[in-house]
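*Asks:*
Following this line, the structure appears as structure tokens:
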């Protein structure tokens, strides 16, 4: 619902920019996750009561709409509601403004206010089918199925070709396992709008439930043809291929879903099942490991939600994200740790490694420098040495490695590379000393027990491969 409501507001601000969110309204009764697509928001052109081009609003209202939109995008819902309330004060008979404020209220979980605004919008424009569909979708998301069905029926009675309302009524019938009626509504939605990807996906799913696998696959393929980034449809494509025992096709479909939404374990679970069917156990185990990693992330996310003022929980979650090579997300968590505890040396040193992972060596260097100023540590010196290596400043790299008391293959390479440069410059004695040091480090590494980790190298992250 979140993205859809933002789109609903943006549709007023940018003529012609309506759309539909390809995420589920809920789980189908069958227990197959993410099998159905949600409501489609009507674009301004399909709203019969009034044009919704921003140019059609009074200048003062236009400015408030723009302010509200910016606030919604920034997640500042109270500011957006205040702006919309001011706009309503200027033109209190405009149903569009109440509908937009209802969307924002729903984002803020103020459901009673949202419902009241949807109803006010309908009172002001009782012949607008889209308003009934909007309220119906809101009621459906609240689990108020009977009231939602009444709104969808009313929308369709006002506009028999309202594809959004037909799709949503189909979802209600699907939830009640009335598959034939659901398929009929999805078909009508498609007839009304041949480019409605959600309706194609939903009809494909309901046909899959009725074991009409070939026609189901045809529908799902049309959905992904219309929207190649439709995660739900790619998942359904894989599920149908599994039913057809076309395991290679299933793996490819689930792989696309994973590519589009890599932080959702469901696609990985499905792909793992298909890989096991093909006896590709090594790949299946890799997916299982990723699923376990995501479960760990979920636990850390829950802990962070309970203790958001504790920098340690953000550090722990950031470190977990680093181990999963999710460098951008790790940076966000380390930044959160710094927000609640400015100057935290551990967070600065950890964020520097994440910056290396993204290839931003300048920001990594700044974080290392600040961390060392706050509290010199082997980890910060070690990481800064890796950055100097990336920047091909061998003298500075070796100086930091020595300060970190670090020795591993990376350090040996630093000495060896500098030896070559010194030899080219005619500094034979210094070059020999560097070669001797590189050999000394490698000899020491060979003598170490194999399970012992190199000094000052973070587990799960190789800074040389940023």
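Residue numbers (the numbering used here): 284 to 749.
A virtual CB, placed ideally from N, CA and C, is assigned to each residue, including glycine.
Give the secondary structure of residue 462 by DSSP, where H, G and I count as helix, E and B as strand, and everything else as coil.
*Replies:* Residue 462 falls in the helix class under three-state DSSP.
*Asks:* Between the C-alpha atoms of residue 308 and residue 496, what's the straight-line distance to the nearest angstrom?
*Replies:* Legend: pLDDT at residue 308 = 33, less than 50; position of this residue unreliable, value from coordinates given subsequently. Distance between the alpha carbons of residue 308 and residue 496 is about 23 Å.
*Asks:* Which residues bound the alpha helix (DSSP H) around residue 432?
*Replies:* 428-441
*Asks:* Give the single residue among 650, 640 and 609 whose Cα lies nearest to the Cα of residue 625.
*Replies:* 650
*Asks:* Please list, in chain order, all residues of the same chain as residue 430 whose beta carbon is under 7 Å from its beta carbon, the five residues on each side excluded.
*Replies:* 422
*Asks:* Applying the 10 Å Cβ sphere with the 16-neighbour rule, what's the burial state of residue 674?
*Replies:* exposed
*Asks:* Would you say residue 450 and residue 482 are within 8 Å of each other, going by their C-beta atoms?
*Replies:* Going by C-beta atoms, residue 450 is nearer than 8 Å to residue 482.
*Asks:* With H, G and I counted as helix, E and B as strand and the rest as coil, what does DSSP make of residue 340?
*Replies:* Residue state, collapsed to three classes: coil.
*Asks:* Going by C-alpha distance, which of 368, 707, 693 and 708 is nearest residue 720?
*Replies:* 693
*Asks:* DSSP state of residue 729, grouped into three classes?
*Replies:* helix
*Asks:* Does DSSP classify residue 376 as helix, strand or coil?
*Replies:* Note: residue 376 maps to coil in three-state DSSP.
*Asks:* Exposed or buried, which one is residue 594 when buried takes at least 16 other CB atoms within 10 Å?
*Replies:* buried
*Asks:* Tell me which residue opens and which closes the alpha helix (DSSP H) that residue 661 is part of.
*Replies:* 661-673
*Asks:* Is the beta carbon of residue 665 closer than 8 Å to that of residue 687?
*Replies:* With contacts defined as CB atoms closer than 8 Å, residue 687 and residue 665 qualify as a contacting pair.
*Asks:* Flag this pair as yes or no: are the beta carbons of residue 551 and residue 523 separated by less than 8 Å?
*Replies:* Cβ atoms of residue 551 and residue 523: not closer than 8 Å.
*Asks:* What does the Cβ neighbour count give for residue 564, buried or exposed, with the cut at 16 atoms within 10 Å?
*Replies:* Burial call: exposed.
*Asks:* Tell me which residues share the same chain as residue 489 and place their Cβ nearer than 7 Å to its Cβ, disregarding the 5 neighbours each side in the sequence.
*Replies:* 457, 462, 465, 466 and 469
*Asks:* Throw me the rounded Cβ distance for the residue 724 and residue 701 pair, which I believe falls under 8 Å.
*Replies:* At roughly 13 Å, the Cβ-Cβ gap does not stay under 8 Å, so residue 724 and residue 701 are not in contact.
*Asks:* Using DSSP with H/G/I as helix, E/B as strand and the rest coil, what is residue 250?
*Replies:* Because residue 250 is not part of the residues shown, which for the chain are 284 to 749, the question remains open.
*Asks:* Report, in whole angstroms, the separation of the C-beta atoms of residue 478 and residue 509, which I expect to be a contact under 8 Å.
*Replies:* 6 Å
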